[in-house]
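A short write-up of the structure that comes next.
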Amino acid sequence: MRSLPVNITPRLILWPRRGRAVLAVAVLAALAACVATRPAPRSLTLTEAGVTIAGPRGFCIDQSQSRDGASGGFALLGSCAALASDPTAPRPAAPAVLTATVTPSDLAARPLSRSFPQMKAFFLSPAGRAALSRAGQADSVQVQAIETQGDLMLIRLTDTAAAAGARVQPESWRAVMGVNGRIVSLSVLGLASRPLSQANQRALAVDFANVMTATNTAAR
């Protein structure tokens, strides 16, 4: 089974290093209103990373949990109404936690779909499952399915790793795509208290990817 080239950082692609702490904050953003009003933009341009992050309707950026740098970027999205402490602001049809991770890679300099067979083999390997894990543990992840649609790869997985007290569904979907010469990984996490069906999670992942494509195409 072939591994990914050394110019790609698998762990960063799928889950940020401080992902467990971020996830705990994210669940609060998805469920509860904040005590003070704060900006909750619909999109965020990661200047250093070279990508604009935007999510489906009802999702806004949590600026306090987002970062930007030449080595990549990360953004967390939750309910606009909750993040802005504004009940009149848009909210998603069902609460969920969305994340976007941006990683520079030579793989994205060409159509990413050319690398899909290699990437699929990687994600099914122990190293790939560790990259998908919230805790970096291959044994905590089972890859249920990997689909490809054009230049989009969709991964359905179960992750039983602890989430630092944040109660999310073990089942989740990831979408991996190329944007502006970077690899972008999008995560959709349902809440344990209000779980999403697998069909709804998948649809949300595809919607997220479509919004990302449209946003970054318009920004050129």
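Residue numbers for the sequence shown follow full-length UniProt numbering, beginning at 1 and rising by one. Each residue gets a CB set at the ideal place from its N, CA and C atoms; glycine is no exception. Please read all numbers here as calculations on a predicted model, not as lab measurements.
Review point. Nearest-angstrom Cα distance between CYS34 and ALA49?
Key: Counted from its first residue, the sequence shown places residue 34 at position 34. Counted from its first residue, the sequence shown places residue 49 at position 49. For CYS34, the predicted structure reports a pLDDT of 44, less than 50, and the residue's modelled location is therefore unreliable. A value from the coordinates is still provided. Counting only the Cα atoms, ALA49 lies some 28 angstroms from CYS34.
Check your understanding: How is GLN142 classed by DSSP in three states: helix, strand or coil?
Key -> Taking the sequence shown and counting its residues from 1, the one referred to as residue 142 is at position 142. Assignment of GLN142 by DSSP, reduced to helix, strand and coil, places it in the strand class.
**Study point:** Boundaries of the beta strand (DSSP E) in which ARG202 is found, first to last residue
**Key:** Within the sequence shown, the letter at position 202 stands for residue 202. For ARG202, there is no enclosing beta strand (DSSP E); the residue is found in the alpha helix (DSSP H) stretching over 198-218.
**Study point:** ASP151 to LEU157 span [Cα, whole Å]
**Key:** The residue given as residue 151 occupies position 151 in the sequence shown. The residue given as residue 157 occupies position 157 in the sequence shown. Distance between the alpha carbons of ASP151 and LEU157 is about 20 angstroms.
Practice item. Can you give me the start and stop residues for the beta strand (DSSP E) that ALA54 sits inside? Key: On the sequence shown, residue 54 is found 54 positions in, with the first residue counted as 1. Looking at the DSSP string, the run of the beta strand (DSSP E) that includes ALA54 is 51-54.
**Study point:** Residues near SER187 by beta carbon distance below 7 angstroms, same chain, minus five either side
**Key:** Walking along the sequence shown from the start, residue 187 turns up at place 187. The answer, listed in chain order, is LEU98, THR99, SER172 and ARG174.
Exercise for review: Report the rounded CA-to-CA distance for PRO195 versus ASP159, giving the unit in angstroms.
Suggested key: The residue you call residue 195 lines up with position 195 of the sequence shown. The residue you call residue 159 lines up with position 159 of the sequence shown. Straight-line spacing of the CA atoms in PRO195 and ASP159 works out to 15 angstroms.
**Study point:** Cβ pair SER66, ALA75 closer than 7 angstroms
**Key:** As a first step, residue 66 is located in the sequence shown; it is residue number 66 there, counting from the start. As a first step, residue 75 is located in the sequence shown; it is residue number 75 there, counting from the start. In this structure, the beta-carbon distance from SER66 to ALA75 falls below 7 angstroms.
Exercise for review: Starting from the N-terminal side, write out each stretch of the alpha helix (DSSP H) that is 4 residues or longer and does not extend beyond the stretch 49-93.
Suggested key: Entirely contained in the stretch 49-93, the alpha helix (DSSP H) runs reaching 4 residues are, in chain order, 80-84.
Exercise for review: Give the straight-line distance between the Cα atoms of GLY69 and VAL102, rounded to the nearest whole angstrom.
Suggested key: Position 69 of the sequence shown holds residue 69. Position 102 of the sequence shown holds residue 102. GLY69 and VAL102: Cα-Cα distance of roughly 10 angstroms.
Exercise for review: Please report the residue range of the alpha helix (DSSP H) in which LEU132 lies.
Suggested key: Working through the sequence shown from its first residue, we reach residue 132 at position 132. Here the alpha helix (DSSP H) through LEU132 covers 126-132.
Check your understanding: Starting from GLN137 and walking both ways along the alpha helix (DSSP H), at which residues does that stretch end?
Key -> By 1-based counting over the sequence shown, the position of residue 137 is 137. Looking at the DSSP string, GLN137 is not in any alpha helix (DSSP H), and its letter there is neither H nor E.
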